[in-house]
Amino acid sequence: MTDEQRKSVALEYLKAFDNGGTTSTGAPILDLFAEDAQVYFPKWGLAEGSSQIGALFAEVGGTLRGIKHHYASFNWHFTGGDTLVVEGTSHGEHRDGPWRAGVPEWGAGRWCDVFEIRDFLVQRLFIYLDPDYAGRDTARYPWLPEPH
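Okay, structure coming up:
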């Protein structure tokens, strides 16, 4: 696969997440993953295989009322192999409240995904972000400003 082909699989995944778990062809997001794939999500842990990945997406996705990734500002990093990294921003609504990258600057909405893609399937996806989308977990961080 070329870097651009891997990038197209990663974009299809992100757009499917924005579309409630449905790809551009109408297939479920899980169709983008190998049967033995791994997905890591903070505060959830490591999901291995389709069943656990489905549970992760259902549980995390079930907390989101909507999400929109900001595709125009993605920063792509290619390794020349099966791995690619994408940094980006998003906004949306979590069951605990809305978020938008940069509002506040320390809040949720900035993320980094590390993909390993072979044979047009995601083999491994490690997601790095702050899962406190609504910014409620502030008492434990004394460097954060007082709420206004």
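Mapping of the sequence shown onto this note's numbering: residues 1 to 148, in sequence order. C-beta: ideal position from N, C-alpha, C; glycine also.
Between the segment 111-122 and the segment 17-33 there are three or more C-beta pairs closer than 8 Å, enough to call the two in contact. Cβ-Cβ distances below 7 Å link F78 to D3, L84 in the same chain, with the five nearest sequence neighbours on each side left out; the list follows chain order. CA-CA distance, L64 to T22, rounds to 15 Å. Cα atoms of S24 and E12: separation of roughly 7 Å, rounded to the nearest angstrom.
In this structure the segment 90-102 lies against the segment 128-141, because at least three pairs of beta carbons, one per stretch, are closer than 8 Å.
The alpha-carbon separation between S73 and G88 amounts to approximately 7 Å.
Straight-line spacing of the CA atoms in I53 and G61 works out to 11 Å. For D3, the uninterrupted alpha helix (DSSP H) segment begins and ends at 3-18.
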